[in-house]
Each structure stands twice: as structure tokens, then as C-alpha cells.
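Presented below is the structure to which this report refers.
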Amino acid sequence: MVKKTLVIGASLKTDRYSNIAIKKLLKFDYNVEAIGNKNGKVGNVVITNRLINFNNIHTVTLYLNKSKQQEYYDYIISLNPKRVIFNPGTENEEFCKILNNNSIKYLDACTLVLLSTNQY
15 MVKKTLVIGA SLKTDRYSNI AIKKLLKFDY NVEAIGNKNG KVGNVVITNR LINFNNIHTV
75 TLYLNKSKQQ EYYDYIISLN PKRVIFNPGT ENEEFCKILN NNSIKYLDAC TLVLLSTNQY
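This is the structure:
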């Protein structure tokens, strides 16, 4: 089964790592959902600015700095993902403790590197 991934902090700008990650996830045949500040599309992935109750999210990959993550804590917990990836610059000790308390795995890693090295 393919791991369904939610990208939070998705950008329509092609030079942003979240945008590159969406394209790379699609290239590797992952199902992708995306939340960002602006509605739009990257490939066939719709970026929404609403907190939708997506089903069967395996991985949440974060592209938001620590100060912008707090408003997403409860939302991410409610999705009950198997893991959360804190991409470089998004590390957040407070949120890691909350994830730990909810038995959700997390790692400080780069989604792009994980995909490129077949460790995703």
C-alpha cells in the first residue's frame, strides 16, 4: 500500500522545497494532499487553505517553521498519522512531545533526501 502524504506549508512557488517535494512524491507514485496559504494546484495535487479531515494519512511532512505550527497541532493529531516529518528548519521540541504523548512517530529529516535515498 502506498503511503498517503499530507504536505503542510505547501507552496505554489516552484523554487520552494514544499513544491519540489510534492512533485517528487508524485513521481514516486505517492498519494498527496496539500495545505498551504494559497489555493491552487501543483501537478494534479490541489493545495487548499482549509483544514480538511483527510482519510488514511500515513505521513505529514511539515514545511512550516516552529512559530506557525502550533495552530496545526490538534489538526495533525486528529488525522492520526503514522509519522510526522520535520523538514530542515521546522524542528519543534514542543510538538515532538505532543506527538510522543499521542503515540505518533516523528523524525527530523528531509523528505527530498528520504525519497532520493529510497528511505521514505
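Under the numbering used here, the first residue of the sequence shown carries the number 15, and numbering increases by one thereafter.
Yeah, the Cβ is synthetic: ideal placement off N, Cα and C, and Gly gets one too.
Quick caveat, the model's predicted, so the values are computed rather than measured.
For residue i, is the classification buried or exposed, using 16 other Cβ atoms within 10 angstroms of its Cβ as the cut-off for buried?
| i | result |
| --- | --- |
| N33 | buried |
| L20 | buried |
Expressed to the nearest angstrom, what Euclidean distance is found between the alpha-carbon atoms of residue i and residue j?
| i | j | result |
| --- | --- | --- |
| G57 | K38 | 11 angstroms |
| F42 | T73 | 15 angstroms |
| E105 | N53 | 25 angstroms |
| A123 | N132 | 13 angstroms |
| R64 | I49 | 7 angstroms |
| N79 | L93 | 20 angstroms |
Would DSSP call residue i helix, strand or coil?
| i | result |
| --- | --- |
| K111 | helix |
| A35 | helix |
| K215 | Outside the shown range of the chain, which is 15 to 134, sits residue 215, and nothing can be said about it. |
| V135 | Nothing can be reported for residue 135, as the shown portion of the chain is limited to 15 through 134. |
| E105 | coil |
| K41 | helix |
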